[in-house]
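Q: The structure is given below, and queries will be raised subsequently.
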Amino acid sequence: MTASPHSTWIASSTLIHLIEASGLHLEPYDNTVFPQHNLLCDPDIRRRLIGVAQHVNMWTSFDLGLSRVALQSLLLSPMASKSRHYTTELLRLRPVSTNLDPVKTEDDRNLELSLRQVLSGNHTQPRSVLAQYNLVLCILRRLGTVNFNMTPTLAEQVLALLNDALRSARFLAKDCSPWHHVANVPFHIICMLLVLDTRSSLAMLPEALQTLELVASIYDTDAMKQAHSAARLLIFLHQQRRSEDVKIFRDVLQTQGQQGIGLMMPPSHFTPTSEEFSWLEGLVANMPGLQEFDLGHFFSGGRIT
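The sequence shown maps to residues -21 to -1, 1 to 284 in mature numbering (1 follows the signal peptide of the UniProt record, and there is no 0).
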């Protein structure tokens, strides 16, 4: 599960070739005298088997930058709907996944619509939750190339999904249920939390790192050890950058402190107008790092402790 996905790519590609060669992907014909082997298999199981094979082949191909195997004459009827069934939930993501083929180009408008569509999906099974997050991560990477500005509401939805994905990864790891997203999703979540760089996202770092440590302790491989070390290094580098930023602010205040003492007015002399207060609230709303700053409390004259 933590090894190179090349073997998975070869196995899934071979499986799809076998499916096509056997005609398993075709619905039975009524007007034929030739034997039809697909009649021996339950139609719904056959459709789910093909869907999962395509899912695995598609994502390993995307990860490796290699060609995926496409069934040229896929004539499957819709699957039977089964609530809370992880295969049903997983295969709902397939249409959006297909549109994210690296050889295709999607504009930011379509990508944002796809992101909202995936985030609004109701996934209850741990495997499909991890697949859902993996798809969201792929869309966000694409949007990052076009300087996409994430709204606070959308960021909250992403963080909620990240939390569900961490819980799903821990459940599958403790249950010893191997799934190809269990190993890589916790690491990618740590990277995403650092990229978002808000108070809410950084507050999730302890849980994310603990999840990665748990997975690394269960799947004790060199790849997981390297991922754990890399994650700790990324967090350390982020801390160093923040420390340097804090030092800049401290130096500014210490340098200018004496010069500004005579110019400082008592708090009672400063009462912002409603227009100024609205402008400042809009400014805070547009700055992710200040979104949790309470301007009303700041200007109310209360003590800051």
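In this text, a Cβ means the ideal position worked out from N, Cα and C, and glycines have one as well.
Since the model is a prediction, treat every value here as computed from it, not as a measurement.
1. Please report the distance separating the alpha-carbon of residue -14 from that of residue 46.
2. Check the C-beta distance from residue 168 over to residue 145 and give it rounded, since I have them as a contact under 8 angstroms.
3. What is the residue span of the alpha helix (DSSP H) that residue 3 lies within?
4. Determine the direct distance from the alpha carbon of residue 84 to that of residue 171, and round the result to whole angstroms.
5. Alpha carbon to alpha carbon, how far is residue 234 from residue 175?
6. Using 8 angstroms as the threshold, is the C-beta distance between residue 4 and residue 29 below it?
7. Please return the same chain residues whose Cβ sits closer than 7 angstroms to the Cβ of residue 107, not counting the five positions on each side in sequence.
8. Alpha carbon to alpha carbon, what distance is there between residue 154 and residue 131?
9. Suppose the cutoff is 7 angstroms on Cβ atoms and the five residues either side in sequence are ignored; what does the same chain contact list for residue 324 look like?
10. Would you report the Cα separation of residue 25 and residue 75, rounded to the nearest angstrom?
11. By DSSP, does residue 170 sit in helix, in strand, or in coil?
12. For residue 196, count the other beta carbons within 10 Å of its own beta carbon; 16 or more makes it buried, fewer makes it exposed. Which is it?
13. Comparing C-alpha positions only, which one of 198, 220, 156, 192 sits nearest to residue 208?
14. Which of the three DSSP states is assigned to residue 203 in this structure?
15. Which value, in whole angstroms, describes the spacing of the CA atoms of residue 92 and residue 98?
16. Using the beta-carbon count (16 or more within 10 Å), is residue 221 buried or exposed?
17. Do the CB positions of residue 148 and residue 194 come within less than 8 angstroms of each other?
18. What do you reckon, are the CB atoms on residue 111 and residue 100 nearer than 8 angstroms?
19. Do you know offhand how far residue 198's Cα is from residue 163's?
20. Can you list, in chain order, the residues of its chain whose CB lies under 8 angstroms from that of residue 50, leaving out five sequence neighbours each side?
21. Residue 89 lies in the alpha helix (DSSP H); which residues open and close that run?
22. Identify, in the order they occur along the chain, each residue of the same chain with its Cβ nearer than 6 angstroms to the Cβ of residue -16, setting aside the five sequence neighbours on each side.
23. DSSP three-state label for residue 50, please.
24. What's the C-alpha gap between residue 225 and residue 215?
25. Going by other Cβ atoms of all chains shown within 10 Å of its Cβ, with 16 needed for buried, is residue 113 buried or exposed?
26. By Cβ distance below 8 angstroms, which residues in the same chain neighbour residue 310 in space, the five residues on each side in sequence not counted?
27. Hey, out of 190, 81, 231, 94, whose CA is closest to residue 136's CA?
28. Please determine, among 186, 82, 96, the residue with the shortest C-alpha to C-alpha distance to residue 73.
29. Give the single residue among 231, 218, 159, 187 whose Cα lies nearest to the Cα of residue 105.
30. Which same chain residues end up closer than 6 angstroms to residue 206 when comparing Cβ atoms and leaving out the 5 residues on each side of it in sequence?
31. When the Cα atoms are used, what is the spatial distance from residue -20 to residue 202?
A: Here's the rundown:
1. 13 angstroms
2. About 6 angstroms; that satisfies the 8 angstroms criterion.
3. Here residue 3 belongs to no alpha helix (DSSP H), and DSSP marks it neither H nor E.
4. Approximately 23 angstroms between the Cα atoms of the pair.
5. C-alpha of residue 234 to C-alpha of residue 175: approximately 32 angstroms in a straight line.
6. yes
7. Apart from the 5 residues on each side of it in sequence, residue 107 sits with its Cβ closer than 7 angstroms to the Cβ of 65, 68, 69 in its chain, given in chain order.
8. The C-alpha of residue 154 is placed about 35 angstroms away from the C-alpha of residue 131.
9. Since the displayed the chain opens at -21 and closes at 284, residue 324 lies outside it and no answer follows.
10. 22 angstroms
11. helix
12. Result: exposed.
13. 192
14. helix
15. 10 angstroms
16. exposed
17. yes
18. In contact: residue 111 and residue 100 (Cβ atoms closer than 8 angstroms).
19. Residue 198 and residue 163: Cα-Cα distance of roughly 12 angstroms.
20. -6, -3, -2, 4, 29, 33
21. 87 to 98
22. none
23. coil
24. 15 angstroms
25. buried
26. In the structure displayed, the chain extends from -21 to 284; residue 310 sits before or after that span and is not available.
27. Closest in alpha carbon position to residue 136, among 190, 81, 231, 94, is 94.
28. Selected option, being the one with the closest Cα: 96.
29. 159
30. 166
31. 6 angstroms
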